[in-house]
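>
Numbering (our numbering), first residue to last: 29 to 306.
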């Protein structure tokens with residue numbers, strides 16, 4: 029596990045200098061975000077946006093006053109957006125293991141919050157591993173919303189990440205995140221490909237395996253909000269991957285421990301789903 033995490037740290041901290049260095053669209057396969065979020069983008073420093081490698085826009089509207097945790101926050105772009113959305117009564121925490129990314133994300137916090145008129149910064153960034161949120165000081169049921177953007181696939185222990193997200197969410201909270209998924213289970217030789225791992229491809233979960241794991245942890249009513257195909261333009265990487273197809277998928281998962289049945293809904297829980305599964 030440590031060897032895998034070190035490779036990811038090196039890839040995102042030293043190999044990549046901006047999103048232009050990526051060899052696939054996996055880390056940039058984002059659909060057009062809501063106009064309110066695009067407006068916030070304009071106020072975020074370019075350095076943060078240039079060094080961000082997300083594959084979606086996993087930030088819901090209507091989160092004023094909420095406590096938000098971003099798993100693998102990278103340069104911090106989504107945290108800055110969430111900071112604006114939760115306002116001065118909310119709080120955003122970003123956790124990342126890469127020093128270079130943390131340095132970028134921390135640099136602009138005070139100025140960004142001050143420009144929005146907040147009496148004090150409403151976000152912070154901590155160093156740590158998304159598999160061990162407890163070691164980073166993230167307590168049980170301390171968050172209303174957990175977000176993540178093209179990061180879970182990079183973890184060598186995805187079930188633990190999902191369990192940790194469930195642990196830190198308060199009852200009624202949700203995990204709202206974008207990541208890379210595959211239409212099949214990948215062979216071991218693909219999973220060990222260093223470049224494809226860093227590009228968010230080798231670690232992509234088979235979508236059915238992910239949903240089964242989420243149910244085992246306790247999440248209910250997994251909803252797909254968006255699906256975007258990922259392009260593999262590098263010929264050498266195409267040959268390694270064969271016929272496997274990859275997609276950027278945005279999921280919404282709910283922590284509702286008092287729900288009697290997995291698909292039971294209340295007046296506030298609509299049963300609609302997003303686009304068809306990949």
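Ideal Cβ positions, reconstructed from N, Cα and C, are used throughout, including at glycine.
Please read all numbers here as calculations on a predicted model, not as lab measurements.
1) Between the alpha carbons of residue 287 and residue 150, how many angstroms are there, rounded?
2) For a test of the three-state rule: what should DSSP assign to residue 208, helix, strand or coil?
3) Would DSSP call residue 217 helix, strand or coil?
4) Less than 9 Å separating the beta-carbons of residue 256 and residue 83?
5) Is residue 239 closer than 9 Å to residue 187 when the C-beta atoms are compared?
6) Using DSSP with H/G/I as helix, E/B as strand and the rest coil, what is residue 200?
7) Which partner residues does residue 191 have in the DSSP bridge list?
8) When the distance is taken between beta carbons, is residue 120 closer than 9 Å to residue 152?
9) Use the C-beta contact count for residue 222: other C-beta atoms within 10 angstroms, 16 or more gives buried, fewer gives exposed.
10) For residue 268 and residue 219, what's the separation of their Cα atoms in angstroms?
Looking at the atomic coordinates:
1) Locating residue 287 in the chain shown gives position 259, counting from the first residue. Locating residue 150 in the chain shown gives position 122, counting from the first residue. Rounded to whole angstroms, residue 287 to residue 150 spans 32 Å at the Cα level.
2) As a first step, residue 208 is located in the chain shown; it is residue number 180 there, counting from the start. DSSP places residue 208 in strand when its eight states are reduced to three.
3) Here residue 217 is taken as the residue at index 189 of the chain shown, counted from 1. Looking at residue 217 - three-state DSSP - the assignment turns out to be helix.
4) Taking the first residue of the chain shown as 1, we reach residue 256 at position 228. Taking the first residue of the chain shown as 1, we reach residue 83 at position 55. Yes, the pair counts as a contact, with Cβ atoms nearer than the cut-off.
5) Here residue 187 refers to the residue found at position 159 of the chain shown. Here residue 239 refers to the residue found at position 211 of the chain shown. Not a contact, by the Cβ cut-off of 9 Å.
6) Counted from its first residue, the chain shown places residue 200 at position 172. Residue state, collapsed to three classes: strand.
7) Position 163 of the chain shown, counted from the start, is the residue given in the question as residue 191. The partner list for residue 191 (beta bridge, DSSP) is empty, contrary to what the question assumes.
8) Locating residue 152 in the chain shown gives position 124, where the first residue counts as 1. Locating residue 120 in the chain shown gives position 92, where the first residue counts as 1. In contact: residue 152 and residue 120 (Cβ atoms closer than 9 Å).
9) The residue you call residue 222 lines up with position 194 of the chain shown. The residue in question, residue 222, is exposed, as its Cβ has fewer than 16 Cβ neighbours within 10 Å.
10) The sequence position of residue 268 within the chain shown is 240, counting from 1. The sequence position of residue 219 within the chain shown is 191, counting from 1. Taking the straight line from one Cα to the other gives about 11 Å.
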